[in-house]
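**Student:** Each residue of the sequence shown is one higher than the one before, starting from 168 at the first, in the working numbering.
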Amino acid sequence: MRYCTGESSVCRRAAPQAAAAPCRGLAVLLPGFGYGPDKPLLHYARKAALAAGFEVLAVEYGPLPRDRADLARAVRDAFGPALAAAAAQLDSALAGRAFRSVFFVSKSFGTLVAGELTARRPALEAKNFYFTPLPAALPYLAQPGGQRLAAAGTADPFVTASDRARMRAALGDRLLLFEGADHSLEVPGDPLAGVAILEQVTAALCRMMT
Numbered sequence: 168m169r170y171c172t173g174e175s176s177v178c179r180r181a182a183p184q185a186a187a188a189p190c191r192g193l194a195v196l197l198p199g200f201g202y203g204p205d206k207p208l209l210h211y212a213r214k215a216a217l218a219a220g221f222e223v224l225a226v227e228y229g230p231l232p233r234d235r236a237d238l239a240r241a242v243r244d245a246f247g248p249a250l251a252a253a254a255a256q257l258d259s260a261l262a263g264r265a266f267r268s269v270f271f272v273s274k275s276f277g278t279l280v281a282g283e284l285t286a287r288r289p290a291l292e293a294k295n296f297y298f299t300p301l302p303a304a305l306p307y308l309a310q311p312g313g314q315r316l317a318a319a320g321t322a323d324p325f326v327t328a329s330d331r332a333r334m335r336a337a338l339g340d341r342l343l344l345f346e347g348a349d350h351s352l353e354v355p356g357d358p359l360a361g362v363a364i365l366e367q368v369t370a371a372l373c374r375m376m377t
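1. Contact between the region 300 to 316 and the region 265 to 285 is defined here as three or more beta-carbon pairs at a separation below 8 Å; is this criterion met?
2. Here's a check: name, in chain order, each residue in its chain whose Cβ is nearer than 7 Å to the Cβ of F246, leaving out the five neighbours to either side.
3. Counting pairs of beta carbons, one from the region 263 to 275 and one from the region 194 to 205, are three or more of them closer than 8 Å?
4. Looking only at C-alpha atoms, which of A317, R315, G282 sits nearest to A254?
5. Using DSSP's beta-bridge definition, name the partner residues of K294.
6. In angstroms, rounded to a whole number, what distance separates the CA positions of G320 and A194?
7. Rounded to whole angstroms, what's the CA-CA distance from A363 to D357? Just pull it up for me.
8. What is the C-beta distance between R331 and L352, in whole angstroms, given that I count them as a contact (C-beta under 8 Å)?
9. So what does DSSP say about G277, is it helix, strand or coil?
10. Kindly give me the distance between the Cβ atoms of Y307 and T285, rounded to whole angstroms, as I take these residues to be in contact under 8 Å.
11. Which of the three DSSP states is assigned to E222 in this structure?
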């Protein structure tokens, strides 16, 4: 799904031209298994990108194989099809365009897709914001160079204390770690704390995009 800036709320894709005007950038939203672009973190990431003058691509993976009882197996089975879908949609968005920058905003499973796209396409020099990265994304977080931030919670059931320590070692102060926050960066029983976290991570995104 494509979102465009400008006076019109309709995204009109014109035929490629020889000298397309450069756009501020392309922000690519890469969702998690059950956390789509309509959920708070990605919804406000989209708003931040549009406010900063970016065009937004919300990747749709399509039907994915998923073993709900085994997260590791679900990730292995879904990764290939999701990566292929994301790469095809990214290629379509980039075709005939002159974006000044590319920004991947990913959530959970999507952090693996974003990391692999970044690794396979170094010429894009993509920036990354990883929301609640899974442990399998650690190799991407530890890659040298590149501009990246990550946000995680200490109460995320999919990430151990050891995993968080490794993320901290890879990212240093580029890891925004929120006490008591779960895999959605919400604090059970304290809705205002979740809103405060949402404000902080959205502000961090805005700073990266300006």
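C-beta atoms are modelled at their ideal positions from N, C-alpha and C, and glycine is treated no differently.
**Tutor:** Judging by the given coordinates:
1. yes
2. L279
3. yes
4. G282
5. F270
6. 24 Å
7. 10 Å
8. Actually they are not in contact, since the Cβ atoms of R331 and L352 sit about 14 Å apart, beyond 8 Å.
9. helix
10. 7 Å
11. strand
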